[in-house]
Structure formats: C-alpha cells, structure tokens
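Data first, discussion second: the structure below is written as structure tokens.
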Amino acid sequence: MKRAHCAALLLLTLCGGAARAEGLAVVDVERVFRESAPGKAGEAHLMQARDILQKGFEELRDLFKGKENTAEAEAALREGRAALERQLAADRLAVRQVLAAHLENVVRVWFAANAKGAALRAIAPASAFFVYSPALDVTDAVIREMDKETPSFHALPSVTIKAKPEAHEKASPGKGAGSAAPTRPQGRPRTP
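Basically the numbering used here = 1-based index in the sequence shown + 5.
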C-alpha cells in the first residue's frame, strides 16, 4: 500500500505537481474493502473471531463470579480484556493484509488486461489525491474482479482459560488465577 502511495506521489512530482488525466486511473481501496465479496467475507471472519474471544472473556468472568471485586479478579479480568483487544487488533491486521495482497493481485491483472485499450500508464489509490475526476475511477471494475475469488483468511482464534493453580503447584509469572490467553494455530495467512 505504501508503495502505491509513493508511486502516486512520484507520478505527481514528475508531472510538475498536476497529474494528467490521460493514462491514470484510481481505485478507492476502502470502498473495495467495504463493498467487495472478499471484503465482506473478511468482516464476517472478524465478527466470528470477536465472538469467540468475547465468549472466552465471559468464561473468564464466570470463573470469578462472586469474587469480582477482589484484586486477583480485577487483575485477571484486566489482563483478559487486554489480551482480547490485542488479539482483535492482530486479527484485523491479518485480514487487512490478506485483502491488500488480493487487491494488489487483482489490480495488476486488471491493469495488464486493460492498459493498452485504455492507454493506462498507472493505477493509484484514490486516497493519494485530494481531488480527482470521477472519470479516472475504476473502483467498480476492480470490485467486479475482486468478487470473482475470495482469499483464505487465517484460522480463527481459540481461547484457553487457565484455572487457579493448586497450592502445591507453582504459578508461572504473569499466569495467575484465571488468566486468559487467545491462541492461534501457527502459520501465516495465505492468499490463493
């Protein structure tokens, strides 16, 4: 994404600060992520991940039912909430990376297929410009191409609640009673 922004800015610089309409097209990336089938699938994936993590947090809260006001419960719930937030942020980033890689592939293929007939020289993200002519916008065509294939997203997280260790067991540092930790199968998100 940064490369595309840099390329658009370089194009503006080379053109003396004003991009010529001929040979340039723009794509509204946020709209593609919001409206395309893969974007909607990514959002559904994130909702499933959030529901799993929230259920795990509720299990942690149930572990401390009746003891909510103890320092131990407050610390465990605070740690659990922070772990949930970190995992949701990581999941959002992973889905966004998969979508960005898929979008980049689609734009490259679309550009190769349409560059000659449309006399295109570059496609830039719409966010690189303050203003542009609607005639430059190829977002609808890119969304149609995106909708032809949905990439695979990472595995959904799972939550493990570690109950309070017995008196004869030694608790590991930072893993007190009822700590919750989202876990994920190892591996990187993959795109087809």
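Just so it is clear, CB atoms sit at the ideal spot from N, CA and C, and this is done for glycine as well.
Just mark residue i as buried or exposed, buried being the case when its beta carbon has 16 or more other beta carbons within 10 Å.
i	result
Ser-41	buried
Val-143	buried
Phe-69	buried
Phe-62	buried
Leu-98	exposed
Pro-170	Note that Pro-170 scores a pLDDT of 49, beneath 50, so its modelled location is shaky and nothing firm can be said.
Pro-43	buried
Val-32	buried
Hey, how far is the Cα of residue i from the Cα of residue j?
i	j	result
Pro-197	Ala-95	Because the pLDDT of Pro-197 is 44, which lies under 50, any placement of that residue in the model is unreliable, and the number read from its coordinates should be weighed accordingly. Approximately 21 angstroms between the Cα atoms of the pair.
Phe-38	Lys-121	27 angstroms
Val-103	Lys-167	32 angstroms
Ser-157	Asn-74	43 angstroms
Lys-60	Glu-154	31 angstroms
Ala-160	Leu-58	13 angstroms
Ala-78	Leu-108	44 angstroms
Glu-90	Glu-48	16 angstroms
Ala-118	Ala-133	23 angstroms
Ala-46	Ala-124	33 angstroms
Ala-127	Val-112	10 angstroms
Ala-80	Asp-67	15 angstroms
Ala-106	Val-34	12 angstroms
Leu-65	Asp-56	14 angstroms
Glu-27	Pro-162	47 angstroms
Gln-92	Arg-83	14 angstroms
Ala-76	His-50	35 angstroms
Ala-30	Asn-110	16 angstroms
Lys-72	Ala-87	20 angstroms
Phe-135	Leu-141	13 angstroms
Ser-138	Arg-36	17 angstroms
Which residue or residues does DSSP assign as beta-bridge partners of residue i?
i	result
Leu-29	Ala-127
Asp-142	Val-31
Measuring alpha carbon to alpha carbon, tell me which residue in the options is nearest residue i.
i	options	result
Phe-116	Leu-82, Ala-129, Ala-106	Ala-129
Val-114	Glu-150, Ala-131, Leu-51, Leu-65	Glu-150
Thr-165	Glu-27, Ala-105, Val-34, Gly-85	Gly-85
Val-100	Ser-163, Asp-33, Gln-53, Ala-81	Gln-53
For the alpha helix (DSSP H) containing residue i, list its first residue and its last residue.
i	result
Pro-156	Premise fails: Pro-156 is in no alpha helix (DSSP H) and is neither H nor E.
Gly-71	No alpha helix (DSSP H) holds Gly-71; DSSP gives it neither H nor E.
Does the Cβ of residue i lie closer than 7 angstroms to at least one heavy atom of the ligand FAD?
i	result
Ile-128	Among the ligands in the structure shown, none appear at all, so the ligand FAD cannot be discussed.
Nearest chain E C-beta to residue i closer than 8 angstroms, yes or no?
i	result
Val-32	The chain labelled as chain E is not found in the depicted structure, where only one protein chain is given.
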